[in-house]
Amino acid sequence: MMQYTQEFMTQVQIEISEKIICQDGFVKENLKTVAGVDLAYWTQENQEFAVCCIVVLDYQTGKVLEKKQFHDKIQVAYQAGFLAFRELPLVLETVKKLEIKPDLYIFDGNGYLHPRHAGIASHAGVILNMPTIGIAKSYYKIFDVDYNQPEVIAGSYQDIMIQQEVYGRVLRTHENVKPIFLSIGHKICLDTATEIAMHFVTKESHIPMPTRLADLETHVARKLILEKS
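Residues 1 to 229 in this note's numbering are what the sequence shown lists, from first letter to last.
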């Protein structure tokens, strides 16, 4: 297990944050394919493993076009705020297996909503040089700042202001349902990210379908891998 120093990882994240583009790097009308990315973990014989699953969807129809996965040992020890260093190697290997190059990636996790704006969605976006969005199911509190609840109606939101800067957005995708925590990753603005997230919300799920399906795939993949081992 590799043990990067916090000083090293912090410096890498600062360099990543300086490269983030907070504007759309694509034309919305030309958006054809969107990928959802998620990972699931398990421990086997005192070794930590994870599987990364990527599901590519047609933007207009929501039809699943492709699914790919990759699993391996986790090589970097967990440290809060540095999740990308654990997950990115598996993400990049899974991306290599894709036959369809998505126009945009949505990650189950944070992007700009991070102490150094370098959550997994931002880190991966800069490395891949692709538009990315981060969608988290729980709030990652930064500098002890809480968020304000949006109205209970679908589509309502509250921006997450930290040190007089917008870090992300609390978005209510369904009426009277727990909100999600949205942030840009790279090459996209927050309003466009919100529009895309809402586009993929269905009656069955308040989580946008790309990451919802990727999450489901990780559970199936992990079960099959463990059965074969």
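Quick reminder that beta carbons are idealized off the backbone N, C-alpha and C, glycines included.
Residue span of the beta strand (DSSP E) that contains residue i, given as start and end
i: residue 186; result: 180-186
i: residue 36; result: 33-44
8 Å Cβ cutoff met for residue i and residue j
i: residue 77; j: residue 9; result: no
i: residue 172; j: residue 156; result: yes
i: residue 74; j: residue 115; result: no
i: residue 106; j: residue 37; result: yes
i: residue 58; j: residue 33; result: yes
i: residue 40; j: residue 91; result: no
i: residue 111; j: residue 81; result: no
i: residue 113; j: residue 181; result: yes
i: residue 193; j: residue 102; result: no
i: residue 131; j: residue 26; result: yes
i: residue 179; j: residue 170; result: yes
i: residue 118; j: residue 13; result: yes
i: residue 67; j: residue 217; result: yes
i: residue 120; j: residue 65; result: no
i: residue 42; j: residue 226; result: yes
DSSP three-state assignment for residue i, whether helix, strand or coil
i: residue 7; result: helix
i: residue 94; result: helix
i: residue 199; result: helix
i: residue 154; result: coil
i: residue 84; result: helix
i: residue 77; result: coil
i: residue 220; result: helix
i: residue 113; result: coil
i: residue 225; result: helix
i: residue 24; result: coil
i: residue 177; result: coil
i: residue 191; result: helix
i: residue 142; result: strand
i: residue 1; result: coil
i: residue 13; result: helix
i: residue 148; result: coil
i: residue 29; result: helix
i: residue 89; result: helix
Exposure of residue i, with buried meaning 16 or more beta-carbon neighbours within 10 Å
i: residue 87; result: buried
i: residue 122; result: buried
i: residue 69; result: buried
i: residue 153; result: exposed
i: residue 53; result: buried
i: residue 188; result: buried
i: residue 211; result: buried
i: residue 55; result: buried
i: residue 149; result: exposed
i: residue 161; result: exposed
i: residue 144; result: exposed
i: residue 104; result: buried
i: residue 191; result: exposed
Residue i: first and last residue of the uninterrupted alpha helix (DSSP H) it sits in
i: residue 71; result: Not the alpha helix (DSSP H): residue 71 falls in the beta strand (DSSP E), residues 64-73.
i: residue 125; result: 120-128
Paired residues, beta bridge with residue i - DSSP
i: residue 214; result: In the DSSP output, where bridge partners are listed per residue, residue 214 has none listed.
i: residue 169; result: 159, 182
i: residue 50; result: 41, 72
i: residue 108; result: 135
i: residue 56; result: 35, 66
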